[in-house]
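Using this note's numbering, read the sequence shown as starting at 1005 and increasing by one per residue. Quick reminder that beta carbons are idealized off the backbone N, C-alpha and C, glycines included. Reviewing the structure listed below.
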Amino acid sequence: MAAHTPSPITARLRWSLFTVLCIAGVFNAMDRPIIAILKPDMMADFGWTDSNFGDLAAVTQFSAAFAFLFTGWLVDRLGVNRSMQVGASAWSLAAVAHGWALTTWQVVAARVGLGVTEAVQTPLTIKTVASLFPPDKRSFAFGFATMLAGAGTIAMPFLVPALALTVGWRGALVAGGIGGFISLLAWMWLARGIAQLRERTVTASAADTASGAAYGPILLNRQTWAIVVAKALSDMTWWFINFWLADYYRKEFGLTTLELAVPLAIAFAGSGLGALLAGWASTRLLERGWSPNRVRKGVMLVSALIVTPLPLVLGLNSFWPVAVMIGVVMAGHQGFSLSIFSTITDVVPNAKVGRVTAFGAFMGNMGGVAISLVTGRVLDAGFGFVPLFIFAAASYLVALAWFQWLLPDIRRPEEQTDPFD
1005 MAAHTPSPIT
1015 ARLRWSLFTV
1025 LCIAGVFNAM
1035 DRPIIAILKP
1045 DMMADFGWTD
1055 SNFGDLAAVT
1065 QFSAAFAFLF
1075 TGWLVDRLGV
1085 NRSMQVGASA
1095 WSLAAVAHGW
1105 ALTTWQVVAA
1115 RVGLGVTEAV
1125 QTPLTIKTVA
1135 SLFPPDKRSF
1145 AFGFATMLAG
1155 AGTIAMPFLV
1165 PALALTVGWR
1175 GALVAGGIGG
1185 FISLLAWMWL
1195 ARGIAQLRER
1205 TVTASAADTA
1215 SGAAYGPILL
1225 NRQTWAIVVA
1235 KALSDMTWWF
1245 INFWLADYYR
1255 KEFGLTTLEL
1265 AVPLAIAFAG
1275 SGLGALLAGW
1285 ASTRLLERGW
1295 SPNRVRKGVM
1305 LVSALIVTPL
1315 PLVLGLNSFW
1325 PVAVMIGVVM
1335 AGHQGFSLSI
1345 FSTITDVVPN
1355 AKVGRVTAFG
1365 AFMGNMGGVA
1375 ISLVTGRVLD
1385 AGFGFVPLFI
1395 FAAASYLVAL
1405 AWFQWLLPDI
1415 RRPEEQTDPF
1425 D
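Okay, here's the thing in structure tokens:
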């Protein structure tokens, strides 16, 4: 791996570009809370059951999952700047396409298109962090990105019902596409005339050509499988909460769409604050001389233990303690996820970061497909949320055990070495 060269781009511009990328990511992902919040409206329009809704969620996840196998290579090949332009244009168009979805199959087509194009965002974000930030600062950058995403998601329960009342659920999804285009224009304005950014893209593409774009060397590496299986196991719980938390609150506490705003905001506030705290703590510990192995796995263990008490919410009759506990669980997930992404930038050569990240996202989305299919059928069968919450509580400890088994020691590679070749 080539030695890290500090970016000539100023710190202010670096953070400005990264912030715009993160805001674009908020618009990229806003379709998920929108369909979760407006689930009753969509079910009423199309006559869906819980299983139908679970299938729709699974179709979105499935399309995104397989798209990751291509988008990781695309981001490695094009570099950060061009990937942002291509990705944001594509996912914004896909979101706008929901405005013309009048039948179930048209909704499915729009969701497939959105799932495929959204898959650019994750490898693009990790590639951007690996390209712009020095190793010990990357955890904080990940935490900052997740905090902004959490802030955007917090706003959704307040904005989406108002949007739906004004322009319907289709219009709410179209609004996400418009926001994506605005973010892209802001990125292009900030990036205009920056020769260093263009040079970085060219260099990354040349490195990719030299190292090869195939997934073969990546798939044969133990580090890859440590990362991606841990990602799949932990993301099952993340997607379960994202798609089904609003439904849980409706069924268990009788909340209306408008009443969902505050409890969902608490959940995603926990998500953002947990990521920011985990990123800040990881960066501080690394700066104090702790090894990446000790920091990453320590944060993962604490995060897994935070999620473990999740089934206790089923015994609580008071709503607000449940809302707070879900927020804590979301914080635990983000600490765990942040450590996995940080490990990618620790152990993977920069020319392969996009592909390893994308393969991890592929596995995470396949976990989302599985949990969406299972959840709808478990609920339709009358088992309730008990088995689902028990599984979620155990998933992170199982993921950490797997991670430790295949990757007992996290070490940053020496210069000029590439363990993935």
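Would you mind reading off the limits of the alpha helix (DSSP H) that contains R1226? Position 222 of the sequence shown, counted from the start, is the residue given in the question as residue 1226. That run of the alpha helix (DSSP H) goes R1226 to F1257.
For M1370, the three-state DSSP class (helix, strand or coil): By one-based count along the sequence shown, residue 1370 stands at place 366. Secondary structure of M1370 (DSSP, three-state): helix.
Classify A1028 as helix, strand or coil using the three-state DSSP reduction. What you label residue 1028 is simply residue 24 of the sequence shown in a count that begins at 1. If DSSP states are grouped into helix, strand and coil, A1028 belongs with the helices.
I'd like the list of long-range same chain contacts for A1210, defined as Cβ closer than 7 Å, with 5 residues on each side in sequence excluded. Within the sequence shown, numbered from 1, the residue matching residue 1210 stands at position 206. Per-residue confidence for A1210 stands at a pLDDT of 42, beneath the threshold of 50, marking its modelled position as unreliable; the derived number appears in the next sentence. Nothing meets the Cβ criterion.
So, using beta-carbon positions, are L1445 and F1366 closer together than 8 Å? Residue 1445 lies beyond the range of the chain shown here (1005 to 1425); nothing can be said about it.
Please report the distance separating the alpha-carbon of L1237 from that of P1391. Here residue 1237 is taken as the residue at index 233 of the sequence shown, counted from 1. Here residue 1391 is taken as the residue at index 387 of the sequence shown, counted from 1. About 16 Å.
Looking at the structure shown, is R1204 part of a helix, part of a strand, or coil, going by DSSP? Here residue 1204 is taken as the residue at index 200 of the sequence shown, counted from 1. Since pLDDT at R1204 reaches only 42, below the 50 mark, its modelled position is unreliable, and no value is offered.
Buried or exposed for L1309, please, with buried defined as at least 16 other CB atoms from any protein chain shown within 10 angstroms of its CB. Mapped onto the sequence shown, residue 1309 falls at position 305. Exposed, by the Cβ-count rule.
Rounded Cβ spacing between A1230 and L1411 (contact assumed at less than 8 Å): As a first step, residue 1230 must be located in the sequence shown, where it is residue number 226. As a first step, residue 1411 must be located in the sequence shown, where it is residue number 407. The beta-carbon separation of A1230 and L1411, rounded to 4 Å, stays under the 8 Å limit for a contact.
With distance defined between alpha-carbon atoms, name the residue in F1395, W1406 and A1071 nearest to F1244. The count along the sequence shown starts at 1 and reaches residue 1244 at position 240. It is F1395 whose Cα lies nearest to the Cα of F1244.
Using the beta-carbon count (16 or more within 10 Å), is F1407 buried or exposed? In the sequence shown, residue 1407 corresponds to position 403, counting from 1. With 16 or more other Cβ atoms within 10 Å, it is buried.
Specify the secondary structure class of V1124 as computed by DSSP and reduced to three states. Residue numbering aside, residue 1124 sits at position 120 when the sequence shown is read from its first letter. V1124 falls in the coil class under three-state DSSP.
What residue range is occupied by the uninterrupted alpha helix (DSSP H) comprising T1064? Within the sequence shown, numbered from 1, the residue matching residue 1064 stands at position 60. Boundaries of the alpha helix (DSSP H) harbouring T1064: D1054 to V1100, taken from the DSSP string.
Checking 8 Å against the spacing of the C-beta atoms, do L1264 and I1041 come in under that value? Residue 1264 sits at position 260 when you count from the first residue of the sequence shown. Residue 1041 sits at position 37 when you count from the first residue of the sequence shown. Contact flag set, yes.
Can you give the Cα-Cα distance for L1097 and D1059, rounded to whole angstroms? What you label residue 1097 is simply residue 93 of the sequence shown in a count that begins at 1. What you label residue 1059 is simply residue 55 of the sequence shown in a count that begins at 1. Distance between the alpha carbons of L1097 and D1059 is about 23 Å.
Label A1094 either buried or exposed according to how many other C-beta atoms from any shown protein chain fall within 10 Å of its C-beta, with 16 as the threshold for buried. Translated into the one-based positions of the sequence shown, residue 1094 becomes position 90. With 16 or more other Cβ atoms within 10 Å, it is buried.
Beta carbon of L1305 nearer than 8 Å to that of A1195: Counting from 1 along the sequence shown, the entry for residue 1305 is found at position 301. Counting from 1 along the sequence shown, the entry for residue 1195 is found at position 191. Taking 8 Å as the Cβ cut-off, L1305 and A1195 do not qualify as a contacting pair.
Touch test, the region 1383-1390 against the region 1050-1059, Cβ-Cβ under 8 Å, three pairs minimum: Counting C-beta pairs closer than 8 Å gives three or more between the region 1383-1390 and the region 1050-1059, which meets the contact rule.
Which same chain residues end up closer than 7 Å to A1403 when comparing Cβ atoms and leaving out the 5 residues on each side of it in sequence? Taking the sequence shown and counting its residues from 1, one reaches residue 1403 at position 399. The residues are A1234, L1237 and S1238.
Helix, strand or coil for V1376, going by three-state DSSP, please let me know. Taking the sequence shown and counting its residues from 1, the one referred to as residue 1376 is at position 372. Looking at the sequence itself, residue 1376 is Ser, so the reference to Val does not match. If DSSP states are grouped into helix, strand and coil, S1376 belongs with the helices.
Whole runs of the alpha helix (DSSP H) within the region 1303-1391, excluding any shorter than 4 residues: Taking only runs of at least 4 residues, the alpha helix (DSSP H) segments lying wholly in the region 1303-1391 are 1323-1351 and 1357-1384.
Which of the three DSSP states, helix, strand or coil, is assigned to T1014? On the sequence shown, residue 1014 is found 10 positions in, with the first residue counted as 1. Note: T1014 maps to coil in three-state DSSP.
In chain order, what residues of the same chain have a beta carbon less than 7 Å from the beta carbon of A1015, not counting five sequence neighbours either side? In the sequence shown, the residue the question calls residue 1015 occupies position 11. None.
Can you tell me which of V1333, F1257 and R1416 puts its alpha carbon nearest to the alpha carbon of F1393? Looking up residue 1393 in the sequence shown gives position 389. The residue with the shortest Cα to Cα distance from F1393 is V1333.
Quick one, are the C-beta atoms of V1120 and A1071 less than 8 Å apart? If you number the sequence shown from 1, residue 1120 lands on position 116. If you number the sequence shown from 1, residue 1071 lands on position 67. Yes, the pair counts as a contact, with Cβ atoms nearer than the cut-off.
Between the Cα of V1084 and the Cα atoms of D1045, V1357, I1414 and A1145, which residue gives the shortest distance? For the purposes of this step, residue 1084 is taken as the residue at position 80 of the sequence shown. Looking at the Cα atoms, V1357 is the closest of the given residues.
So what does DSSP say about I1158, is it helix, strand or coil? Along the sequence shown, read from residue 1 onward, the residue named residue 1158 stands at position 154. Residue state, collapsed to three classes: helix.
Give every residue of the same chain whose Cβ lies closer than 6 Å to the Cβ of M1329, excluding the five residues on either side of it in the sequence, and list them in chain order. Walking along the sequence shown from the start, residue 1329 turns up at place 325. Cβ neighbours of M1329 beyond the five flanking positions: V1317.
Quick one: give me the first and last residue of the alpha helix (DSSP H) that W1284 is part of. For the purposes of this step, residue 1284 is identified with residue 280 of the sequence shown, where counting begins at 1. For W1284, the enclosing alpha helix (DSSP H) begins and ends at A1265 to E1291.
Look at D1251 and A1168 and say whether their C-beta atoms are less than 8 Å apart. Stepping through the sequence shown from its first residue, residue 1251 is reached at position 247. Stepping through the sequence shown from its first residue, residue 1168 is reached at position 164. Contact: no.
Beta-carbon contacts of V1352 that lie in its chain and below 6 Å, excluding the five residues immediately before and after: If you number the sequence shown from 1, residue 1352 lands on position 348. Counting only Cβ-Cβ distances below 6 Å, and skipping sequence neighbours, we find V1360.
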